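First to last, the sequence lines map onto chains A and B. Residue numbering for the first sequence follows our numbering, beginning at 95 and increasing consecutively. Residue numbering for the second sequence follows our numbering, beginning at 941 and increasing consecutively. No residue lacks a Cβ here, since even glycine has one placed at the ideal position from N, Cα and C. All figures in this text were calculated on a predicted structure; none of them were measured in a lab. Accompanying notes for the structure given below.
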Amino acid sequence: MVSPTVLATLVLGAYPLVFIVLTALSESSLGQPFQDWVGTRNLQHALGDGDVVASLVRNVVYAILVTIASTALGVVGALALHTATRRGSIARTLMLLPLITPPVVVGVLWKLIFNPAGGLLDTLLVALGYRGEPVAVLSSSAWAIVGVGVADVWEWTPIVLLLVFAALLGQDRAIGEAAALDGAHGFRLFREITFPAIGGTVAAVFLIRLVLAFKVFDLVFVLTSGGPGQATTMPAYLIYQAALQQFDIGRASSITLLLAVVVTIVTLPVILVTRRLHRD
Amino acid sequence: MSLRPSRRRRRPAVLAAVVAVAALGLAACSSSGGSGGSDDASDGGKKFAGQSLTVIMISSHEGAAKWLSTEFKKETGATIKPVIVPYDQIGSKLALDQQSGADTIDAAAPWYVSLGDLASQGAIQDLTSWIASDKKAIDPSDFIPSIYDAYSKVGDKRYGLPFDGDTHVLFYNKDILARNGISGPPKTWDEYLQDVKTITQNESSHGVYGAAIFGQKSPLILGASFANRLAGYGGEFLDAKGRPVVNSPEAVEAAQALVDVNPYALPTPAETDFGAGNSAWFAGKVGFIENWTDLGVRSEDPTSGSTVAGKWGVTTLPVGGSNTTPRASLVAGFTWVITAHTKKTGLARAFIEFATSSKVNAELLTASPPTGIDPNRKSSLDSAEYGQEFPEIQAVNRTTLSGTLAWPTGKHATELAQTLTDELAKLLAGQGGSAKDTMDRVEAKWKDILGD
């Protein structure tokens, strides 16, 4: 009898992977998969498409930057919460708000904030005395991706914060207190005592956050539709367009495979660091 | 301490996951039988009494869906169950419904551009022989000819019947034009640009702009704005042999016209979708807006929140270059199709025959609350009631009677439209080089897609 573990692995991992590989090697539409075997033609087309390659590069830079931002803010927030733990229950509850908000609503919320005609940002700038052209973050080739990143960091930083906070609660307080008696304070206390204790958790959370950042779709879909131009187009958005707007599953699977390779290359060092920190 | 849970703890978790997957599978299997049933007509009472039909329509047709459901039930006894989806998701919803085996959808009213792709996937029925054999009831000769072929034909077969004869025209706010010393609507795209500049320069500090330009990166939005200019400059998407001509001088001029107006439009075109553009129009914040003719109906509707009732005018799209004849741009028409897997073909035929009939089209044009439907029939376009209630709209709609510009509709048409839109979005964002560079790239990509 097949064990549940093997069955779950086959259903959740192997089957989708095999399906993606086979559709990438075939002419497949949404309604009629596997019409014809085309070898590596779909992959070659995807690799020869400047928009696909640019989206993969953009995705790597975006994922690394928002992950660093989320992790840094999450760790700082967790430390602040830990030092004020008695007064932190309301703050912890508030921190859950972005996490429990549906991603589409997060997108709509930030679209309203960035709206150049009376959005929150525009209103604040006017209140501060700004009288120039309306600031259109999401229409700027340079700033649109920053706008998406800010929304992304707002949405996912709380998960970093809560997991690191849980790790801080698991620390042996006596060690910290002993170090403090020996004169360790502030950043030195964090570097010598706290971080070694929670490093494994931080690395694991960094890995989770990195994967989440690579998968960004909802925010791009709602905020910019990948624009202006291709400024915020990520592979996940191209996959959506190919599969559900053009019904070209072969192309969608090819981009998925390329994305999988890129994600593996970028996350592999992080996985190794995470394992090492856990062993230590 | 080990991070790994004990074997005893792991087993229930894995089992739960497997049970969940199995339950989802069973749910999917059971739902496939949900739309079963025959289309045998009931002899007693109304013809389709007690039967139901599930149809997909876009969100802006929600009013029409309610009207059709009510009236079709009165006429036949059948219940229409509309599934309302965003305007660009009918095709994918239909394909997923069929691929999953659920087959819950019997008929749909997609954007006519997706006809070829839906037909090539075997998702919709070939209606050619039915239309030919039921000519008396369907009355194809009354469809506006340019709309009929564009909205139904793929190759030499017909897969749909026109429902919403959408064409863009130019609306203008009379008060804003008067305030800025503009005596009347522009005849050419150059005059239009000048008027837009004037209004924006004079009034943007008060939140009033020359025009709302639909520039969001979607074929139905940015693609439509380009198509309006392409029609005005006298260009085409494909030549008579079906080969791309999107880097013609007319197409390049059309793209350039879009670039030129971009800085003077309601901020910002890249973020302007139907909601943002129409809201600005109803609030009296823009001098011009290119829109479907039914915007005039809604501008007069007290329930739409319009502040421009009685203050607007409408004219044909401007012309440009060597073209001096106004042309209709069939940017977003919708057409009724019958799904390939439905078990209710008879009822579906009866419904789309009803929904696309001359009588129903005429009634939908003037129904209140507005239904978002534009003329698809010569008789409804010329109807006295439509002319009496909306004489200006009726006049500009007559441009659909000849020389229209329609999107390609064959296999890969959806991809063609998306490719064009992506490149135009790059052009407007300053990432695509010149208008000529952009249209050359589109031409090359279209040739590649069509295997030219």
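query                                                                                                                                                                                  : result
Show which residues of chain A have a CB atom less than 7 Å away from the CB atom of Gln1038(B).                                                                                       : Gly125
Taking the C-alpha atoms as reference points, what is the distance between Leu1360(B) and Ala221(A)?                                                                                   : 41 Å
Could you check if Lys1181(B) is buried or exposed, using at least 16 other CB atoms within 10 Å of its CB as the buried criterion?                                                    : exposed
Look up Ile1395(B) in the DSSP assignment and say whether it is helix, strand or coil.                                                                                                 : The requested residue 1395(B) is not part of the displayed model; chain B covers only 941 to 1392.
Using 8 Å as the limit for Cβ to Cβ distance, is Leu338(A) near chain B?                                                                                                               : yes
When the Cα atoms are used, what is the spatial distance from Ala291(A) to Phe284(A)?                                                                                                  : 10 Å
Is it buried or exposed for His1108(B), if we count other Cβ within 10 angstroms and need 16 for buried?                                                                               : buried
Looking only at its own chain, which residues have a Cβ that is under 8 Å from the Cβ of Ile1278(B), when we skip the five neighbours before and after it?                             : Asp1046, Ala1047, Ile1064, Gln1065, Leu1067, Thr1285, Ala1288, Arg1289 and Ile1292
Sort His372(A), Ile253(A) and Thr327(A) by Cα distance to Gly168(A) and report the nearest one.                                                                                        : Ile253(A)
Can you check whether the CB of Arg1317(B) is closer than 8 Å to the CB of Phe1154(B)?                                                                                                 : no
Considering Ile996(B), what are the terminal residues of the beta strand (DSSP E) in which it resides?                                                                                 : Ser992 to Ile998
Kindly list the residues whose CB is nearer than 7 Å to the CB of Ala337(A), restricted to its own chain and excluding five residues on each side of it in sequence; keep chain order. : Leu124, Ile343 and Ala346
Listing by chain order, which chain A residues have their CB less than 9 Å from the CB of Thr1354(B)?                                                                                  : Gln339, Gln340 and Phe341
Are Leu1160(B) and Trp1051(B) touching if we call contact CB-CB under 8 Å?                                                                                                             : yes
Straight-line CA distance for Ser1308(B) to Lys1225(B)?                                                                                                                                : 25 Å
What is the C-beta distance between Val1136(B) and Tyr1204(B), in whole angstroms, given that I count them as a contact (C-beta under 8 Å)?                                            : 5 Å
With a threshold of 8 Å between beta-carbons, can Pro1207(B) be considered close to chain A, or not?                                                                                   : yes
Whose CA, out of Leu1170(B), Tyr1099(B), Tyr1173(B) and Leu1206(B), lies closest to the CA of Ser1145(B)?                                                                              : Leu1206(B)
Would you decide whether Thr177(A) is buried or exposed? Buried here means 16 or more other CB atoms lie within 10 Å of its CB.                                                        : exposed
Just to confirm before moving on: does the CB-CB distance between Asp1380(B) and Asn1187(B) stay below 8 Å?                                                                            : yes
Within its chain, find whatever has a CB closer than 7 Å to the CB of Thr326(A); leave out the 5 residues flanking it on each side and keep chain order.                               : Ala238, Ile239, Val242, Val314, Thr318 and Gly320
Would you list, in chain order, the members of the region 211-235 of chain A that have their beta-carbon closer than 8 Å to a beta-carbon of chain B?                                  : Ala211, Glu227, Pro228, Ala230, Leu232, Ser233 and Ser235
Cβ closer than 7 Å: which chain B residues qualify as neighbours of Gly201(A)?                                                                                                         : Here the premise fails: no neighbours, minimum Cβ distance about 13 Å.
Under 9 Å Cβ-Cβ, which residues of chain A neighbour Gly1031(B)?                                                                                                                       : Leu124, Leu338, Gln339 and Phe341
Determine the closest residue to Arg373(A) out of Val154(A), Leu175(A), Ala297(A) and Thr117(A), with distance taken between C-alpha atoms.                                            : Ala297(A)
Assuming contact is defined by CB atoms lying nearer than 8 Å, are Ile1030(B) and Ile996(B) in contact in what I supplied?                                                             : yes
If you reduce the DSSP assignment to three classes, tell me which class Pro1189(B) lands in.                                                                                           : helix
Counting only C-beta atoms, is Ala1375(B) closer than 8 Å to chain A at any point?                                                                                                     : no
Would you verify that the beta carbon of Lys1157(B) is, or is not, closer than 8 Å to some beta carbon of chain A?                                                                     : yes
Could you round the C-beta distance between Ile349(A) and Pro329(A) to whole angstroms and report it? I think they count as a contact, below 8 Å.                                      : 6 Å
Does Glu1412(B) pass the burial test, meaning 16 or more other C-beta atoms within 10 Å, or should it be called exposed?                                                               : Since the displayed chain B opens at 941 and closes at 1392, residue 1412(B) lies outside it and no answer follows.
Below 8 Å between beta carbons: does that hold for Pro1258(B) and Pro1085(B)?                                                                                                          : no
Considering only the alpha carbon of each residue, which of Glu1355(B), Thr1264(B) and Thr1212(B) lies closest to Val1053(B)?                                                          : Glu1355(B)
Residues of chain B with CB closer than 8 Å to the CB of Pro290(A), please, in chain order.                                                                                            : Ordered by position in chain B, no residue passes the 8 Å Cβ test against Pro290(A), which lies about 16 Å from the chain.
Verify the CB distance criterion: does Leu993(B) have a CB-CB separation below 8 Å to chain A?                                                                                         : no
Between the region 1161-1172 of chain B and the region 1265-1281 of chain B, do at least 3 Cβ pairs fall closer than 8 Å?                                                              : yes
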